[in-house]
Structure formats: C-alpha cells, structure tokens
Amino acid sequence: MEQQIQAKMEESLLVCVYHGPNGERLIRRGARIASKLQCPLYILTVDAAPVDELDHEKSQYLDYWKELSKEVDATEFIIKDNEKRPAAKVISEVAKQKDITQVLIGQTAKSRWEEITKGSLINVLLKELPFVDLHIIAVTRGLKNYTEEHFEKGVRAYLVKDTSGNGYQLSFNHTMACAYEGIFFKEVGTDFNNGVFKFMKDNKMIEVHVTDDNVKPSEKFLNEPKT
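Below you can see the structure in the form of structure tokens.
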C-alpha cells in the first residue's frame, strides 16, 4: 500500500491547450485523470504572440482557462507567450522542468502531406520525452470541435432579445440592448449566419446554436442575465 501511495505522489500531469473550444474539454479530462492519480495538474498554453497583443477571441479563451484552472484546482496555469520555438520544444522544456510523467494533448485531423512537410507534434514529443506517457484526445467529434473544415474563424458578436421577447438575435454591433457578448463561429459554405455562439455565463463557457441569425427560445442556457 505504501508503495502505491508513493507511486501516485511521483506522477505529474501536464495538459496542453491551444486557443479554441476544445481547451475546456482537455482541461476537464486532465483534471479527472489527475484526480484519479492524486497527482499535481499543470496546464500549459503556448502562443507565438505576446499576451498583450492577443486578439479578443484568444484573450477570452485565456481568461476562461485561468478561471477553469482554479475551478479544477490545478497546481499551475502556465502561459508561454511570444514563443518563436516549435510548440513541441516548449512542451518538452516545461515537462522536464516540472518533472512531468504524463502529457495530455488534443489530436486534430491532419493530412499525411502536412505530417511529412511540417512534422507531427506527437512524433516529436515521443522523441523529446521518451519516458513520458502521452494521452491523445480526439478533438474532431461533435459540435464542440470547431475545425477549420466546418467553421470560419470566430468573431466577436452579441445576442439581443428579439421582438417577441422570447428568443435572441445575433448582432455584430455593441449596443445597450445586448444581453450577451461572445464569439460566433459561422459554418463554412453558408450565405447566412448559421453556426455556434459561445459566451461566458456564471464563469462557465456556454454554447448555443444560431440559425439564420436567430437563437431559439428553447436554448436552455439562455435565461435572463443576472443583474
């Protein structure tokens, strides 16, 4: 029993997230694994731009991840900004500094040609961290995975009460009538504003469907904002 406890104490988990809706899923998955292992949880994000130069979308995700890190009781939320090195090099460096034994990353769809010309992050990490266990989480399933193949780049948008007072309409102009501010991901290949709107409510990231600029009154998360 003592040996089992000691083994758990020696484990340490690093979750790597990049700007996008999949970050929350990876963090929560990592938190569950860390809880089972009873080990420290580190969360890392890497960006080539300085933090103070990130666009609104990236800044919003960063702020949310900080709060989520506190919620899941992470040991440390690490930001490596203004990085010109490959992400794999940065991940490897942090893993060695923190004595990480397990790394959790998201696996996106990637063509064979891209792997040949740009290399695979996973393959590089396997070489850089031969004694670390890699957890590969698929991020191409379901609506929460906004890949370039399905959605355009997210843009700042707002939800405004419609004329019936029951539903909401999408708007790109900030006015006093705006009920929610967030990020709109428009579906690729549509002339209308169809897609997904994501926003913060009560310190949680919420997503609702948008069809022809409208959000149905049935969306369960859209109650009146707290005042």
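Under our numbering, think of the first position of the sequence shown as 1158, with each following residue one higher.
Heads up, the beta-carbon is just placed ideally off N, CA and C, and yes, glycines get one too.
Legend entry - For Arg1189, the first and last residue of its enclosing alpha helix (DSSP H): 1179 to 1194
Quiz item: Closest to Asp1370 by CA distance: which of Tyr1199, Leu1170, Leu1316 is it?
Solution: Leu1316
Given a cut-off of 8 Å, decide if Ile1184 and Val1229 are closer than it, judged by their beta-carbon atoms.
yes
Task: Boundaries (first-last residue) of the beta strand (DSSP E) holding Ala1336 - done: 1335 to 1343
message: At the level of alpha carbons, what is the spacing between Glu1364 and Val1208?
response: 25 Å
task: Going by DSSP, name the residue or residues bridged to Gln1254.
output: Its beta-bridge partners do not exist; DSSP assigns none.
Member of Gln1195, Tyr1221, Arg1242, Ser1277 whose CA lies at the smallest distance from the CA of Lys1357:
According to the sequence displayed, residue 1357 carries Met and not Lys. Checked all of Gln1195, Tyr1221, Arg1242, Ser1277; the closest Cα to Met1357 is Tyr1221.
Limits of the unbroken alpha helix (DSSP H) element including Leu1278 = 1278 to 1285
What's the C-alpha gap between Tyr1325 and Glu1285?
49 Å
- Message: Below 8 Å on the Cβ atoms is my contact criterion, and I expect Val1174 with Leu1198 to pass it. Report the Cβ-Cβ distance as a whole number of Å.
- Response: At roughly 12 Å, the Cβ-Cβ gap does not stay under 8 Å, so Val1174 and Leu1198 are not in contact.
Next item on the list: Alpha carbon to alpha carbon, how far is Phe1234 from Gln1195? Give it in angstroms, no decimals.
Entry: 18 Å
Here's a check: name, in chain order, each residue in its chain whose Cβ is nearer than 7 Å to the Cβ of Asp1256, leaving out the five neighbours to either side. Ser1169
Practice prompt. Buried or exposed for Leu1291, please, with buried defined as at least 16 other CB atoms from any protein chain shown within 10 angstroms of its CB.
Written response: exposed
Alpha-carbon to alpha-carbon, Phe1308 and Asn1179
14 Å
Figure out for me which residue from Lys1193, Ser1192, Leu1219 has the closest Cα to the Cα of Asp1204.
Leu1219
*beta strand (DSSP E) containing Leu1291: first to last residue?*
1290 to 1295
>> Let me confirm a value: Lys1343 is counted as buried when at least 16 other C-beta atoms fall within 10 Å, else exposed. Which label applies?
In response: buried
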